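Per the working numbering, numbering through the sequence shown is continuous, rising by one, with the last residue being 789. These notes concern the structure reproduced below.
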Amino acid sequence: MKLTVVGFWGGFPGKDEATSGYLLEADGFSLLLDCGSGVLSKLQHFTEIENLDALWLSHYHHDHIADLGPLYFARLIKGQLQDKKGPFPIYGHTLDQEGFQLLTNEEVTKGVAYEGTDTLTIGPFQLTFVKTIHPAPCYAARITYNEKVIVYTADTAIFPELYSFAEGADLLIAECSLYEGQDGAAFGHMTSAEVAELAEKAKVKDVLLTHLPHYGDHQELLQRVKQQHKGGQVSLAETGWKWEG
Numbered sequence: 545m546k547l548t549v550v551g552f553w554g555g556f557p558g559k560d561e562a563t564s565g566y567l568l569e570a571d572g573f574s575l576l577l578d579c580g581s582g583v584l585s586k587l588q589h590f591t592e593i594e595n596l597d598a599l600w601l602s603h604y605h606h607d608h609i610a611d612l613g614p615l616y617f618a619r620l621i622k623g624q625l626q627d628k629k630g631p632f633p634i635y636g637h638t639l640d641q642e643g644f645q646l647l648t649n650e651e652v653t654k655g656v657a658y659e660g661t662d663t664l665t666i667g668p669f670q671l672t673f674v675k676t677i678h679p680a681p682c683y684a685a686r687i688t689y690n691e692k693v694i695v696y697t698a699d700t701a702i703f704p705e706l707y708s709f710a711e712g713a714d715l716l717i718a719e720c721s722l723y724e725g726q727d728g729a730a731f732g733h734m735t736s737a738e739v740a741e742l743a744e745k746a747k748v749k750d751v752l753l754t755h756l757p758h759y760g761d762h763q764e765l766l767q768r769v770k771q772q773h774k775g776g777q778v779s780l781a782e783t784g785w786k787w788e789g
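Structural data, given as structure tokens:
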């Protein structure tokens, strides 16, 4: 499977960039993980919007769903031009009913509910979940394809169950919103030191730092995790960054 970073900023997009969005592809199937501000524009550098097969959402904060409206219009217009039928599936949890209701729009998009206890099959991918520690109800996802595993933390403070959930992942996509010494628990986000501890305790291979802050030096985040995690590559997310496994 191949993962491409479409957007990686936390809160709001940097200039000419996007907030959370990750394109996952295998066996001709394309799954988008989260759809934040600017994602639809950047996505078109990597695939056509009509080639998307499904969207999975971790939660309903704007930096993860802001482009749902543009996605609806893109699917509507392209569907009319190409005479495509059938609603586009958007997988979302129901802990926030108001957020979930946003996913179904006429016959263009259709919300598909998942629960935290589900094992969800989307195309060739199997997904399991753990509820994270965040101001809005949010789920991390463990995504399996054949024998390869990607774990996407989504937005979260560190918590004990996350270590076992991420155990042995080939790629850990870890939110890294804060610098060492800041109070991650107060904001529902992780610091670089907490990501380093997670990567080591879970014995993951490669680590991608994402949901990056709009201040400070991101190289400090990278170097802090590299100091502790020796099991594989540690990278800062950027538009177009790719991983294959």
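Every residue gets a Cβ at the ideal spot worked out from N, C-alpha and C, and that includes glycine. Keep in mind it's a predicted model, so treat the numbers as computed, not measured.
Nearest CA to the CA of residue i: which residue from the options?
i       : options                            : result
Leu-576 : Asp-560, Leu-612, Trp-553          : Leu-612
Thr-783 : Leu-584, His-603, Gln-670          : Leu-584
Glu-744 : Gly-760, Gln-771, Pro-757          : Gln-771
Ser-779 : Tyr-604, Asp-662, Thr-754          : Thr-754
Glu-650 : Leu-716, Asp-699, Leu-620, Lys-675 : Leu-620
Ser-708 : Tyr-696, Lys-675, Ala-746, His-733 : Ala-746
Ala-816 : Asp-578, His-762, Leu-568, Thr-688 : Nothing in the structure corresponds to residue 816, since the chain is present only between 545 and 789.
Cys-802 : Phe-552, Val-751, Ile-609, Val-550 : Outside the displayed span of the chain (545 to 789) sits residue 802, for which this structure offers no information.
Gly-775 : His-589, Leu-587, Leu-742          : Leu-742
Ser-602 : Phe-556, Ala-698, Leu-568          : Ala-698
Phe-673 : Thr-665, Gly-660, Lys-786, Ile-666 : Gly-660
Pro-557 : Arg-686, Trp-787, Pro-757          : Pro-757
Starting from residue i and walking both ways along the beta strand (DSSP E), at which residues does that stretch end?
i       : result
Val-790 : Any answer about residue 790 is impossible in this case: the structure gives the chain only from 545 up to 789.
Val-748 : Unbroken run through Val-748: none, as it is neither H nor E.
Can you tell me which residues form a DSSP beta bridge with residue i?
i       : result
Tyr-723 : Per DSSP, none; premise fails for Tyr-723.
Glu-569 : Lys-546, Ser-574
Ile-687 : Leu-671, Ile-694
Glu-788 : Lys-546
Gly-551 : Gly-565
Ala-718 : Leu-753
Ile-677 : Ala-701
Thr-783 : The partner list for Thr-783 (beta bridge, DSSP) is empty, contrary to what the question assumes.
Leaving out the 5 sequence neighbours to the left and right, which residues in its chain are closer than 6 Å to residue i when beta-carbon positions are compared?
i       : result
Ile-634 : Leu-599, Leu-647, Thr-653, Gly-655
Glu-738 : Ile-702, Gly-728
Asn-595 : Ser-574
Asp-750 : Leu-715, Gly-776, Gln-777
What are the boundary residues of the alpha helix (DSSP H) that includes residue i?
i       : result
Phe-709 : 705-709
His-762 : 762-772
Phe-556 : From DSSP, Phe-556 is part of no alpha helix (DSSP H); its letter is neither H nor E.
Leu-730 : Looking at the sequence shown, residue 730 is not Leu but Ala. From DSSP, the alpha helix (DSSP H) with Ala-730 extends over 728-731.
Once the 5 residues before and after residue i are set aside, which same chain residues still bring their CB inside 7 Å of it?
i       : result
Glu-724 : Thr-735, Ser-736, Ala-737, Arg-768
Worksheet item: Considering only residues of the segment 581-666, which uninterrupted beta strand (DSSP E) runs meet the minimum length of 3 residues and lie entirely inside it, listed in chain order?
Response: With a minimum length of 3 residues, the continuous beta strand (DSSP E) runs that stay inside the segment 581-666 are 598-600, 632-637, 653-658, 663-666.
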